[in-house]
Amino acid sequence: MTIVPEELAQQAARFAAAHEMTVVPAIPEATGGLVADIDPAAMTLDAFLALAGRFGGGLLYLRLRRVRDGLPPSPEFARHAGEAGAVELAFVANGVLHCWEQVTDWFDEWEGRSLEQRGQEIADALRRDVAGPAPDDSGQDREDQRAYEEYQAMTEHQRDEVIDGVVGLLLADPEFRAAKGDGQRHTIAKRVVRSAGVNRWLHSAARNAAVLTAAARAGEHHDVITGRLDELAAQVRDGEGYRAAASAAGRRRAVETFLQELADGYWIPGDIREEVYARTVRLGRTG
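So the sequence shown is residues 1 to 287, counted in full-length UniProt numbering.
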């Protein structure tokens, strides 16, 4: 059977319109929650949509994945530039993110090669870090060489102290805690590490340590929240921000604000926010 992701996406959009569901053009991150990956060979799109219509709380997540320029620059994929090669659908029910995906053979191969290429770039970068600065035509760059010599002279304990200091600095930063996932955290960490005057040969280790620590702490908060969904939904419903909101968008913002404050400022993934919101709405109807 030929897979045409855009036709499947259109079918899903028509279903959503017919059943008064809102289509969200993204797939929520499942950080801290459970995920049910449904094999399309075991469940058809029609069956998945029926489940979403019944249990999805009025929200259907939909994303098309496309070939992007530059990865990899292979002539055999050039004709697919900009073309959708995969469609992803999801809904959240009872704190569980339910996912369904169809991928074309050619897109699967393209993504595989892209990952291999990126992996090689990372491996090359790691080798350069270990080897230290390489000389150019004019000899060793003095500033770069000084930083490397300073790094080499540091004990392991001294390096760990620097890294721990950066981790503490970033975890105290509300912007860093509120970042939406590891990608944004790396961007913020890169800026902070540079401005803090950290030895350049410790930049990568410091960023990675901070991002991993933040992800772990955020995950702990997410676990607590997902274990208290009904209780928190009741608190949101009775809260001033939720009661004062005049629209669904405002009520969603009230839910997000409430949960983020509860999680010490860490970003709350969409699947958790939407589950709490859906339970709050149901409580409002029944109570």
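C-beta atoms are modelled at their ideal positions from N, C-alpha and C, and glycine is treated no differently.
CA nearest to the CA of R217, picked from E240, A172 and A245: What you label residue 217 is simply residue 217 of the sequence shown in a count that begins at 1. Residue A172 is the option with its Cα nearest to R217.
DSSP beta-bridge partners of R200: The residue labelled residue 200 in the question sits at position 200 within the sequence shown. In the DSSP output, where bridge partners are listed per residue, R200 has none listed.
Three-state secondary structure assigned by DSSP to G239: By one-based count along the sequence shown, residue 239 stands at place 239. Looking at G239 - three-state DSSP - the assignment turns out to be coil, as it is neither helix nor strand.
Where V4 falls: helix, strand or coil (DSSP): Here the question's residue 4 lines up with position 4 in the sequence shown. Coil at V4, not helix or strand.
Boundaries of the alpha helix (DSSP H) in which R185 is found, first to last residue: Translated into positions along the sequence shown, residue 185 becomes position 185. Unbroken alpha helix (DSSP H) run through R185: D182 to S195.
Pair within 8 Å by beta-carbon distance, I163 and L212: Position 163 of the sequence shown, counted from the first residue, corresponds to residue 163. Position 212 of the sequence shown, counted from the first residue, corresponds to residue 212. Cβ distance not < 8 Å, so I163 and L212 don't count as in contact.
Any 3 or more C-beta pairs closer than 8 Å across the segment 1-9 and the segment 190-197: no
Among K190, A206 and E149, the one whose alpha carbon lies nearest that of G168: Residue numbering aside, residue 168 sits at position 168 when the sequence shown is read from its first letter. With respect to the C-alpha of G168, the residue from K190, A206 and E149 having the closest C-alpha is A206.
Within 8 Å, strictly: CB atoms of V24 and L59: Working through the sequence shown from its first residue, we reach residue 24 at position 24. Working through the sequence shown from its first residue, we reach residue 59 at position 59. Yes; because the gap between Cβ atoms is below 8 Å, this pair is in contact.
Residues bridged to F91 (per DSSP): As a working mapping, residue 91 is identified with position 91 in the sequence shown. Paired residues: H98.
Which of helix, strand or coil DSSP assigns to V35: Within the sequence shown, residue 35 is the residue found at index 35, counting from 1. Here V35 sits in strand by DSSP.
Residues near R63 by beta carbon distance below 7 Å, same chain, minus five either side: Taking the first residue of the sequence shown as position 1, residue 63 is located at position 63. Only P25, A26, I27 and E88 meet the Cβ criterion.
From D160, F15, I268 and A233, residue whose alpha carbon lies closest to that of F50: Position 50 of the sequence shown holds residue 50. First, the amino acid is wrong: residue 50 is Ala here, not Phe. If we check each option's Cα against that of A50, F15 comes out closest.
C-alpha distance - I272 paired with R252, whole-angstrom precision: Sequence index remark: in the sequence shown, residue 272 carries index 272 (1-based). Sequence index remark: in the sequence shown, residue 252 carries index 252 (1-based). In a straight line, the C-alpha of I272 is about 12 Å away from that of R252.
Coarse secondary structure for V67, derived from DSSP in three states: Taking the sequence shown and counting its residues from 1, one reaches residue 67 at position 67. Correct three-state label for V67: coil.
Start-to-end residues for the beta strand (DSSP E) that takes in T286: Taking the first residue of the sequence shown as position 1, residue 286 is located at position 286. Here T286 belongs to no beta strand (DSSP E); instead the alpha helix (DSSP H) covers G270 to T286.
Residues that A209 bridges to, as DSSP identifies them: By 1-based counting over the sequence shown, the position of residue 209 is 209. DSSP, once it has assigned bridges, lists no residue as partnering A209.
Span of the beta strand (DSSP E) around residue 289: The structure shown does not extend to residue 289, since the chain is modelled only from 1 through 287, so no value can be given for it.
Nearest-angstrom Cα separation, counted from F258 out to G227: Here residue 227 refers to the residue found at position 227 of the sequence shown. Here residue 258 refers to the residue found at position 258 of the sequence shown. Cα-Cα distance, rounded: 16 Å.
V151 (DSSP reduced to helix, strand or coil): In the sequence shown, residue 151 corresponds to position 151, counting from 1. Reading off the sequence, residue 151 comes out as Tyr, not Val. Three-state DSSP puts Y151 in a helix.
Extent of the continuous alpha helix (DSSP H) run through I163: The residue you call residue 163 lines up with position 163 of the sequence shown. That run of the alpha helix (DSSP H) goes E156 to L171.
Residues bridged to A84 [DSSP beta-bridge criterion]: Counting from one through the sequence shown, the residue named residue 84 turns up at place 84. A84 is bridged to R66.
Boundaries of the alpha helix (DSSP H) in which E29 is found, first to last residue: The residue you call residue 29 lines up with position 29 of the sequence shown. Looking at the DSSP string, E29 is not in any alpha helix (DSSP H), and its letter there is neither H nor E.
C-beta contact flag for E101 and P269 at 8 Å: Position 101 of the sequence shown holds residue 101. Position 269 of the sequence shown holds residue 269. No, the pair does not count as a contact, with Cβ atoms beyond the cut-off.
Residues near T280 by beta carbon distance below 6 Å, same chain, minus five either side: Here the question's residue 280 lines up with position 280 in the sequence shown. Counting only residues of its own chain and dropping the five nearest sequence neighbours on each side, T280 has a CB closer than 6 Å to the CB of A233, V236 and R237.
Residue nearest to R282 in terms of C-alpha spacing, selected from D264, G250 and D230: If you number the sequence shown from 1, residue 282 lands on position 282. Nearest C-alpha to R282: D230.
Extent of the continuous alpha helix (DSSP H) to which T257 belongs: Sequence index remark: in the sequence shown, residue 257 carries index 257 (1-based). A248 to L262 is the extent of the alpha helix (DSSP H) around T257.
Supposed close pair G56, V67 - CB separation, criterion 8 Å: Start at 1 with the first residue of the sequence shown, and residue 56 comes out as number 56. Start at 1 with the first residue of the sequence shown, and residue 67 comes out as number 67. 29 Å between Cβ atoms; not a contact.
Nearest residue (CA-CA) to L45, options A93, C99, V35 and M21: Start at 1 with the first residue of the sequence shown, and residue 45 comes out as number 45. Residue C99 is the option with its Cα nearest to L45.
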